[in-house]
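Asks:
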Ligand SMILES: Cc1cc2nc3c(=O)[nH]c(=O)nc-3n(C[C@H](O)[C@H](O)[C@H](O)COP(=O)(O)O)c2cc1C
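Residue numbers (our numbering): 126 to 340.
1) In this structure, does DSSP put residue 327 in helix, strand or coil?
2) Take every Cβ of the stretch 247-260, pair it with every Cβ of the stretch 214-221, and state whether three or more of those distances are shorter than 8 Å.
3) Flag this pair as touching only if the stretch 223-243 and the stretch 152-172 have three or more C-beta atom pairs under 8 Å; answer yes or no.
4) What did DSSP end up calling residue 185 once you bin it into helix, strand or coil?
5) In the DSSP output, which residue or residues are listed as bridge partners for residue 172?
6) Count the other CB atoms within 10 Å of the CB of residue 210; is the residue buried (16 or more) or exposed (fewer)?
7) What residue does the alpha helix (DSSP H) around residue 300 start on, and which one ends it?
8) Does the distance from the C-beta atom of residue 154 to that of residue 233 stay below 7 Å?
9) At the level of alpha carbons, what is the spacing between residue 289 and residue 295?
10) Could you check which residue in 326, 179 and 196 has the C-alpha nearest to that of residue 231?
11) I'd like to know if residue 313 contacts chain E, where contact means its C-beta is closer than 7 Å to some C-beta of that chain.
12) Do residue 303 and residue 144 have their C-beta atoms within less than 7 Å of each other?
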């Protein structure tokens, strides 16, 4: 697959089939992840795959509780504003996030990423994104989530048997599955609206009104 196709079309893919992800694909996902950069090449990461329905059934209620808290707290003004203004894009993201929570146990594969001595998180997210891109190359959709770690990190780590005294922090959890829908280019604010040159606020010097990669 063309690298730009992977970069432009790797979306949060939350509507997926329950079909299992073959072991060879799981290997490719993890092998790509560990090629990622980390500060000083310390590779202070651990990855934990979950496909056991019993483990998922313990985590699902925690995930739904965490998302409920997020929706009733931090996200509430955003949702209310979106409802008031008819902001369908935001409402669709929130619906999609709810879908993940409601269907947590049906995702065939979860990846938990742990990091240590990594205050910025900069040494774990490249690896996570590489895992998602590798999955994309095999037609597997993924969704990065952080809400479980925000509200139920300790309980999640206890369920997963993560040692408590080794400094591991749960960075995120990624769901994987074969999409029910199609891949599309991620709509985003264009680069020239969020990038500057030489001085903050100064134009970057070009405009990119449409994505430079097209299907
Ligand atoms: C740091 C981070 C945390 C995220 N946490 C969650 C989450 O807890 N739950 C969820 O459903 N999606 C989560 N997402 C996914 C975002 O909602 C998604 O990347 C964004 O809406 C863009 O989606 P798109 O690529 O389909 O346009 C997270 C993404 C990032 C980068």
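Even for Gly, the Cβ is constructed at its ideal location relative to N, Cα and C.
Replies: Based on what the coordinates show:
1) Reduced to three states, the DSSP call for residue 327 is strand.
2) no
3) yes
4) helix
5) 238
6) exposed
7) Note, residue 300: premise wrong, no alpha helix (DSSP H); beta strand (DSSP E) at 294-302.
8) no
9) 11 Å
10) Here the closest residue by C-alpha is 179.
11) This model lacks chain E altogether; it includes just one protein chain.
12) Contact flag set, yes.
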